[in-house]
């Protein structure tokens with residue numbers, strides 16, 4: 082299929098002048114207005130729609146969504162620990178099947194124009210590798226429609242739950258792409274043990290790192306500095322992501338900016354959800370320091386909460402609202418985070434809208450990029466490697 | 082039209098058991114499952130949809146939207162004063178016609194199921210009463226479809242812009258429903274003069290008060306206490322609203338809660354936008370103290386910023402996200418603010434879902450109230466006084 086040729090007529094790359102885009106061998110091969118299709122070449126008329134590179138869902142949990150399972154009342158208590166424990170209990174009671182649920186959420190993403198997902202997947206002594214196996218199966222089945230990268234994620238604790246480290250090691254051996262971590266102080270109460278273990282796993286398997294850091298204020302800053310130190314000591318620059326990083330939203334802006342400066346030196350990426358109820362890393366601070374900011378939906382309609390729809394254009398809007406971005410160039414940067422930022426973080430090759438880029442593309446009817454962000458209408462067309470995978474918000478594959 | 086009889090079959094009032102609702106003379110007259118229509122009575126099948134009372138847009142600016150005017154790049158500088166001055170300049174340059182633009186935004190609201198709007202309308206020495214006249218004309222033309230209440234709003238300053246007070250007086254004489262005010266310190270730099278003038282206007286015209294208070298922290302607390310003092314001294318309990326009230330989001334939670342307690346005693350209402358980038362009044366604090374919280378979209382795609390779509394179900398979601406509301410009962414309270422809360426603030430009579438209530442109703446396909454908030458799908462049907470005014474998101478009246 083990727084070898085088919087397709088001519089996209091009348092599209093505006095990232096809101097620029099209208100042009101035509103020829104796609105051959107899964108890549109953009111020619112961008113020029115007024116192209117006529119060679120005999121037998123399929124043509125899609127964009128009718129003036131924007132064309133954007135495929136959206137990147139840089140932080141979510143495919144194994145946990147309740148999407149399509151009928152409405153469930155929320156049961157979790159207020160603390161992070163409550164939510165973790167409630168989830169582990171309900172996973173079994175409610176039969177939250179990781180394969181079925183990850184397929185549902187991935188197709189939901191695809192319908193909204195995401196063509197790449199980084200998903201954390203729980204690894205613990207109850208579920209063991211079953212969650213990962215389910216998501217890997219989904220990744221395999223949806224190959225060619227959407228790329229799914231998996232993070233082995235010790236949601237219930239790493240050092241504090243004996244047996245988890247060995248399971249993490251196995252997870253990375255059987256196919257998890259990234260080493261996860263979580264609140265070295267707040268959850269594991271052993272920052273040295275936790276972070277040494279995470280970096281050692283990464284070294285052994287030659288894989289990047291992505292650590293959830295919810296710890297606020299100075300506690301989070303303390304853990305963040307330990308992560309930065311290890312990134313430099315292990316020469317892992319460019320291979321480490323910190324997710325959430327709430328501590329960067331601390332009131333002491335000078336302290337936060339000093340941390341951002343160190344993150345830039347260590348080339349550590351930040352993944353955000355732009356959570357409206359928590360302090361968050363400020364997009365402008367990171368941008369000025371040259372730290373890559375990417376974004377994700379986090380959990381979607383799961384036991385943690387009812388929100389989410391996997392729409393990364395809507396996420397760009399939330400990122401804009403959270404950061405009080407109003408000028409068009411600033412709102413466009415919010416979308417940059419949900420496209421190029423995610424691609425940089427994951428290390429995608431040939432991502433973009435230029436000749437030779439992989440034809441992972443999304444067409445959306447809007448007057449400008451900012452208009453697309455604030456209105457986030459249904460996606461007219463989604464292409465993966467040049468192949469049409471969704472149209473008018475509907476994926477070609479049926480949701481199970 | 083209001084005298085027609087309509088039988089709404091298979092609807093779930095606020096997510097309760099499915100039933101039928103008979104509507105006669107513009108009111109709900111019988112709620113009981115299994116009703117058969119009398120001869121000649123129109124029937125609408127809700128097919129299990131939720132029925133909610135008409136959504137209440139409690140804080141917006143109908144005279145300022147750029148909706149439908151083609152995309153305009155954002156030009157305003159960062160400060161509140163920049164935004165005010167840029168807007169006054171562009172209003173003329175861009176021909177932001179208050180009648181046309183208020184009609185557009187009101188119909189946008191209606192399509193999303195709002196049946197009542199409180200709109201602030203700029204009164205200043207440039208525009209004089211032209212904005213108000215435009216919105217009053219819209220209110221008149223859309224009567225029977227949506228109720229529009231107007232606030233005479235001294236956006237550019239009251240004491241600091243001589244001539245504005247006289248214009249406010251005229252505005253209230255020709256039909257503005259509410260006396261507006263704005264940052265007595267931050268904009269007018271004369272809190273005593275400003276608030277005395279506002280309360281005097283309210284007394285003279287026998288009208289309620291709605292004051293924009295963006296002032297943060299202790300400055301906002303100072304102005305808020307002056308408002309509370311005057312509310313008690315003038316015996317205006319129940320007739321004063323403070324919009325935004327960012328100071329209630331101050332870090333000193335004890336100080337904020339003490340203010341909330343005084344607001345409860347003075348029966349002052351709070352209108353919020355749930356701004357993700359600013360401290361905001363906390364829904365839970367207000368609810369516990371018995372202070373009515375209502376919500377609005379604020380400006381929609383105007384010279385202040387590109388965001389907004391007039392969807393008060395989406396606003397309930399933003400209110401939930403901003404306040405970290407996760408349990409179903411808490412998310413339902415966010416919707417309460419966007420329905421009953423707004424109705425209480427405005428003082429609507431016979432609002433609700435019980436026998437005898439005015440049949441201002443919205444039908445939405447969702448499994449539960451929380452599901453309606455987080456998914457906010459197109460509205461199946463909107464009724465105003467028993468008359469169908471929108472269907473599947475489309476209003477019966479065409480947008481100009």
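Chains as they are written, first to last, in the numbering used here: chain A, 82 to 481; chain B, 82 to 481.
From the three backbone atoms N, C-alpha and C, an ideal C-beta is built for every residue, glycine too.
* Do you know offhand how far residue 83/B's Cα is from residue 187/B's? -> Any answer about residue 83/B is weak, because its pLDDT of 45 lies below 50 and its placement is not dependable; what the coordinates show is given next. The alpha-carbon atoms of residue 83/B and residue 187/B are separated by roughly 20 Å.
* In chain A, what lies closer than 7 Å to residue 154/B by C-beta? -> 409
* Asked: Quick one: does residue 386/B have its CB under 8 Å from some CB of chain A?
  -> yes
* residue 324/A to residue 164/A, Cα distance in whole Å? -> 18 Å
* Asked: In this structure, does DSSP put residue 273/A in helix, strand or coil?
  -> helix
* The beta strand (DSSP E) spanning residue 153/B covers which residue range? -> Here residue 153/B belongs to no beta strand (DSSP E), and DSSP marks it neither H nor E.
* Asked: In whole angstroms, what is the alpha-carbon distance linking residue 433/B and residue 431/A?
  -> 56 Å
* Asked: On the three-pair Cβ rule with 8 Å, is the segment 136 to 155 of chain A touching the segment 111 to 120 of chain A?
  -> no
* May I have the straight-line CA-CA distance separating residue 314/A from residue 280/A, to the nearest angstrom? => 10 Å
* Asked: Where do the ends of the beta strand (DSSP E) carrying residue 79/B lie?
  -> The displayed coordinates of chain B run from 82 to 481. Any statement about residue 79/B would go beyond what the structure contains.
* To do: Kindly identify the DSSP beta-bridge partner or partners of residue 380/B.
  => Per DSSP, none; premise fails for residue 380/B.
* To do: Mind listing, in chain order, the continuous beta strand (DSSP E) runs of no fewer than 3 residues lying wholly within the segment 180 to 250 of chain A?
  => 195 to 203, 228 to 234
* Return the first residue and the last residue of the beta strand (DSSP E) that residue 110/B is part of. => 108 to 112
* Quick one: which chain B residues come within Cβ less than 9 Å of residue 161/A? -> Those within 9 Å of residue 161/A in chain B number zero; the least Cβ separation is about 12 Å.
* To do: Just the C-alpha distance for residue 356/B and residue 181/B, rounded to the nearest angstrom, thanks.
  => 27 Å
* So is residue 217/A buried or exposed if we call it buried at 16+ other beta carbons inside 10 Å? -> buried
* **Proximity of residue 494/B and residue 210/B at Cβ, strictly below 8 Å** => With chain B represented from 82 up to 481, any question about residue 494/B goes unanswered, as that position is not in the structure.
* Asked: Helix or strand or just coil, what does DSSP make of residue 430/B?
  -> coil
* To do: Report the three-state DSSP secondary structure of residue 411/A (helix, strand or coil).
  => helix
* Asked: Is the CB of residue 82/B under 8 Å away from at least one CB in chain A?
  -> In this prediction, residue 82/B scores a pLDDT of 44, lower than 50, which makes its location untrustworthy; the coordinate-derived value is nonetheless stated afterwards. Not one chain A Cβ lies under 8 Å of residue 82/B.
* Indicate the three-state DSSP secondary structure (helix, strand or coil) for residue 83/B in the structure shown. => No answer about residue 83/B holds up, because its pLDDT of 45 lies below 50 and its placement is not dependable.
* **Straight-line gap, residue 77/A to residue 229/A (C-alpha atoms, nearest Å)** => For chain A, the structure presents residues 82 to 481; residue 77/A sits outside this window and is missing.
* Other residues of its chain near residue 318/A: CB distance less than 6 Å, five sequence neighbours each side excluded -> 347, 348
* To do: For residue 333/B, I'd like the list of residues in its chain whose CB is within less than 7 Å of its CB, leaving aside the five on either flank, ordered along the chain.
  => none
* Asked: residue 435/A to residue 109/A, Cα distance in whole Å?
  -> 7 Å
* Asked: Does residue 151/B get closer than 8 Å to chain A when you measure Cβ to Cβ?
  -> yes
* Roughly how many whole angstroms lie between the Cα atoms of residue 374/B and residue 126/B? -> 33 Å
* Opposing strand residues paired with residue 279/B [DSSP bridges] -> Answer is none; residue 279/B lacks a bridge partner.
* residue 331/B lies in the alpha helix (DSSP H); which residues open and close that run? -> Counting along the chain, residue 331/B falls outside any alpha helix (DSSP H), and DSSP gives it neither H nor E.
* Where residue 237/B and residue 265/A are concerned, what is the direct C-alpha to C-alpha distance, given to the nearest angstrom? -> 51 Å
* To do: Using a Cβ-Cβ cut-off of less than 9 Å, give me the residues of the segment 430 to 452 of chain B that come near chain A, in sequence order.
  => 447, 448, 449, 451, 452
* List the whole-angstrom C-beta distance separating residue 412/A from residue 451/A, where the pair is believed to meet the contact cut-off of C-beta under 8 Å. => 4 Å
* Going by the beta-carbon positions, is the gap between residue 245/A and residue 198/A smaller than 8 Å? -> no
* Near residue 406/B, which residues of its chain fall below 6 Å by C-beta distance, leaving aside the five closest residues on each side in sequence? -> 412, 415
* Closer than 8 Å to chain B by CB, residue 374/A -> no
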